[in-house]
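Reading through the structure tokens given below for one structure.
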Amino acid sequence: MMADARYTLAELMAVSAAREIMDGETVFAGTGLPMLGVMLAQLTHAPNCCIIFEAGTMGSQLAHLPMSVGDPRSLRGAAMAAGLFEVFSYVLQAGRVDVGFLSGAQVDRFGNINSTSIGPDPRHPAVRFSGSGGACDIACLAKRTIIIAKHERRRFPDKVDYITSPGWMEGGDSRARAGLIRGGPSVVVTTMGVMRFHPGTRAIYLASYHPGLSPREVAENTGFALDVEGATETPRPSDEELRILREQVDPERVFLN
Amino acid sequence: MTSKLTGLSEAVALIPDRATVSFGGFTTQRHPMAFVYELIRQGRKDLYLFGHSPGGDWDILIGAGCVKRVELAYEADEAFGTVGPRWRMAVERGEIEWEDYSNFTMVLRFAAGAMGLPFMPTRSLLGSDLLGQQGLSEAQRLADPRTAASKFHAMNSPFDPRDRVVLVPAIHTDFAVIHVQKAAPSGIVRIEGQTFADVLQALSAETVIVTAEEIVEDSVLRQEPERNLLPFFAVKHVCHVPFGSHPYAVFNCYDYDPRQLKTYHDSASNDTAFRAYLDRFVYCVRSHEEYLEAVGGSQRLTSLRAEAPYGYSANLRRRRLE
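Here is the structure:
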């Protein structure tokens, strides 16, 4: 479905995620595409971004792609090694994380995420997943979040089966009314496009569709009515971004497949 | 000072059925795996496990039928396996009792236990189904003192009613078992790299058992006291277990073993293959030394050795293994 054989879907998503990170920001990274995104951002337009891993490393300057947030690779070039308590308490809860990455099995129209289980009763689930990890904490306490998701109709239901990570809740000011003092999702990067949230209603809309797709195709693969008005094509990766991604970030192609 | 050095199987034998236990480490690093395998060999039953992000340490214990109830945030090997296969099957088949929290709130629960407080407040969890849903019923909780009487308590701050907080209950386990780079016979402990929540887990336990890659003289660790992490008097037993976290990594010592992790994940989602894995790597080896031979011996282990200046094996192949 890619219109351009120069790059893969994973590469396009990694580049789209990287472009969401601004220079100087403190970023909470997770396993998989988020790691490609932060490492690429640090090696291109955001050399001063501070990469934090919830297992206890701060200010990593990665030389080799970690395969987990507890990977010893996350210690390379780090300014500080500590533990979960320090990172979650003093950094995340105290409001020092600009952006965190999240993903899950289901994402709904207000950016609430499920990474716990499928089915109406979580005590008797049809399918069980890993659980929150730090995702709920990041969703509650980072200043904003970037969601990475596979774009399929069943993965974008009107309501998720279980809110592991609260997004904009039921829209409007419902997030603040739940007692959350900051944050909320700013963008959803999927296998089909990039979605954002309307400022007032907090409902999701399609900002861009990946090259080779139409807005209608994206809407057809979404489980709720998706606003596609004004969507444009996702900007393609530059040659330089692709070169760094392939040669420096993930030469082993751990996640770039 | 008295030596706390203990043999691995003697230390494992201290843990009775139905004990409450936490293990150190995080997903793919520093789990006390040799200790876990020995627990399975000794046939331990009905354990109550508490953790934030365990990995294969819990998954294999669950699969081997050693676990009754868990309180956790996450159970997987991250990119090596995005859900623990035996954990998933145990939940879907109704073979395990569990309660979901987040990493931060599980760590706060250990912190409360370590400080001798009944609970800790947090701004996390609000608006999530970690508050909205309960894994354990009230009856299950009240019937068993190993589990807190309730999952959480949400309230407004007594100092400013606009501030909403969630209180999460302290954890006090019978045992904590942590695997570290260096320990002295006296119980002085040094952890290199990320500390995860090992210190809080240890200090919220009645009995702390440390397994260490290297046993170092007390006087050596006392030369740099600022690098030591646990009050030595809180540690009851110290076991010398080189490669004690395999197939997981130990910073500055060795890397994770992608081949072994793949073998585990290829086996664990099928009952027969999982049984064969247990036979080959747990039941049919009598000791940790025999386990290390079974996973490839010194040739394999040498290839995992950490290199300077990285603290891991920089050229380790992690995908497209033969």
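Top line first, the protein sequences correspond to chains B and D. Counting from 1, one number per residue, gives the positions in the first sequence under the numbering used here. Counting from 1001, one number per residue, gives the positions in the second sequence under the numbering used here. Even for Gly, the Cβ is constructed at its ideal location relative to N, Cα and C. Since this is a predicted model, take the numbers as computed values, not measurements.
The beta carbons of I148 (chain B) and M13 (chain B) sit closer together than 8 angstroms. In the three-state DSSP reduction, K1236 (chain D) falls in the strand class (E or B). At least 8 angstroms separates the CB of L102 (chain B) from every CB of chain D. Annotation for E1206 (chain D): the continuous beta strand (DSSP E) segment containing it runs A1205 to I1215. For M169 (chain B), the chain D residues whose Cβ falls inside 7 angstroms of its Cβ are G1127, in order along the chain.
In this structure, V188 (chain B) sits near I204 (chain B), with a CB-CB distance shorter than 8 angstroms. Residue-level contact check: S186 (chain B) does not touch chain D, since none of the beta carbons of chain D fall below 8 angstroms from its beta carbon. T1105 (chain D) and L1117 (chain D) have their C-alpha atoms roughly 15 angstroms apart.
For F1196 (chain D), the chain B residues whose C-beta falls within less than 8 angstroms of its own C-beta are A55, G56, G70, G83 and L84, listed in chain order. Below 8 angstroms, enough C-beta pairs join the region 85-98 of chain B and the region 1098-1113 of chain D to call them touching: three or more. In the structure shown, C140 (chain B) falls within a helical segment according to DSSP collapsed to helix, strand and coil. Going by C-alpha positions, I1015 (chain D) is about 21 angstroms away from A1197 (chain D). Residue state for T1302 (chain D) is assigned as helix, using DSSP reduced to three classes. Around I51 (chain B), no beta-carbon contact reaches into chain D at under 7 angstroms, the shortest distance being about 14 angstroms. The count of Cβ pairs closer than 8 angstroms, one atom from the region 138-148 of chain B and one from the region 26-37 of chain B, reaches three, so the stretches are in contact.
Take L1126 (chain D), set aside five residues on each side of it, and the residues of its chain with a beta-carbon closer than 8 angstroms to its own are A1154, R1164 and V1166, in chain order. If you compare the alpha carbons of D:I1215, D:D1218, D:I1209 and D:V1199 with that of A82 (chain B), the shortest gap goes to D:V1199.
In the three-state DSSP reduction, V249 (chain B) falls in the helix class (H, G or I). Taking a 10 Å sphere around the C-beta of H124 (chain B), we find fewer than 16 other C-beta atoms and assign the residue as exposed.
When secondary structure is reduced to three states using DSSP, H210 (chain B) falls in the coil class, being assigned neither helix nor strand.
DSSP lists no beta-bridge partner residue for Y162 (chain B). Between the alpha carbons of P1161 (chain D) and R1319 (chain D) lies a distance of about 53 angstroms. Within the region 124-151 of chain B, the residues whose Cβ lies closer than 8 angstroms to some Cβ of chain D are H124, P125, A126, V127, R128, F129, S130, G131, S132, G133, G134, A135, C136, D137, A139, C140 and L141, listed in chain order. Residue pairing by DSSP puts T232 (chain B) in a beta bridge opposite B:S208. Neighbours of L180 (chain B) across chain D, judged by C-beta separation under 7 angstroms: L1126 and G1127. When the five nearest sequence neighbours on each side are left out, the beta carbons in the same chain lying within less than 7 angstroms of the beta carbon of R1123 (chain D) are those of V1165, in order along the chain. A check of alpha carbon separations from S1003 (chain D) across D:C1239, D:Y1264 and D:L1261 identifies D:C1239 as the nearest.
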